[in-house]
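Undergrad: First the structure, which I've put down as structure tokens, then a few questions once you've had a look.
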Ligand code: RP5
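In the numbering used here, the protein residues as written are 1 to 162.
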């Protein structure tokens, strides 16, 4: 199976990345995590993206905050799909990173999830990989069913309590 590459701009983004890692582990999807910054280590970030396809990656996830250019910088160097996770910084609750990540110019797309949306980034990556993988599709279907059952259990609990 193709791997998911997760890049974070700083190790301070780890709490958000951990949410993605947990989902990938639960779905038994291979992944690698790195800290490369679009601004502090631009050469390493672009080299990772340029070589990602030949190294067996199928999707990249980029988590970054503030002037969050990491997802776009990776996307500029690969035609693999890139998913951006805006991370909340000290100001603006992540609105700065959300706009930096989502407002890509035409020609270099980045699929952007919600601020702090590590779980959805991993699920979206899994759904991309599942296009050609029936076993992974079955695992995703099972997860959806389990999630729905958990909501219905909460519904029953609320009815019982009120
Ligand atoms: C971004 O700047 C990182 O992705 C992080 O979200 C933010 C702050 O980085 P640190 O100062 O915590 O290293 O590049």
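Every residue, glycine too, gets a C-beta built ideally from N, C-alpha and C.
Should residue 65 be labelled buried (16 or more other beta-carbon atoms within 10 Å of its own) or exposed?
TA: Its Cβ being crowded by 16 or more others within 10 Å, residue 65 is buried.
Undergrad: Ignore the nearest five residues each way along the sequence and tell me which others in residue 25's own chain have a CB closer than 7 Å to its CB.
TA: none
Undergrad: Could you give the DSSP three-state label for residue 9: helix, strand or coil?
TA: coil
Undergrad: Shorter than 8 Å from the beta carbon of residue 106 to some beta carbon of chain D?
TA: The structure shown contains no chain D; it holds only a single protein chain.
Undergrad: Run through DSSP, which three-state label would residue 30 get?
TA: When DSSP states are grouped into helix, strand and coil, residue 30 belongs to the coil group.
Undergrad: If you measure from the CB of residue 199, is any heavy atom of the ligand RP5 nearer than 7 Å?
TA: It is not possible to answer for residue 199, since the shown part of the chain is limited to 1 through 162.
Undergrad: DSSP on residue 112, reduced to helix/strand/coil?
TA: strand
Undergrad: Is it buried or exposed for residue 86, if we count other Cβ within 10 angstroms and need 16 for buried?
TA: buried
Undergrad: Buried or exposed: residue 13, going by 16 or more other Cβ atoms within 10 Å of its Cβ?
TA: buried
Undergrad: Go through the stretch 61-88 residue by residue and report every complete run of the alpha helix (DSSP H) that reaches 4 residues or more, in order.
TA: 70-75
Undergrad: At a cut-off of 7 Å, is residue 128 close to the ligand RP5 when judged by its beta-carbon and the heavy atoms of the ligand?
TA: no
Undergrad: May I have the straight-line CA-CA distance separating residue 3 from residue 130, to the nearest angstrom?
TA: Whole-angstrom Cα-Cα distance: 12 Å.
Undergrad: Over the uninterrupted alpha helix (DSSP H) stretch that includes residue 131, give me the two end residues.
TA: From DSSP, residue 131 is part of no alpha helix (DSSP H); its letter is neither H nor E.
Undergrad: Among residues of its own chain, excluding the 5 on either side of residue 39, which ones have a beta-carbon nearer than 6 Å to its beta-carbon?
TA: Correct list: empty, nothing qualifies.
Undergrad: Would you mind giving the Cβ-Cβ distance between residue 83 and residue 121, rounded to the nearest angstrom? I have them listed as a contact below 8 Å.
TA: 5 Å
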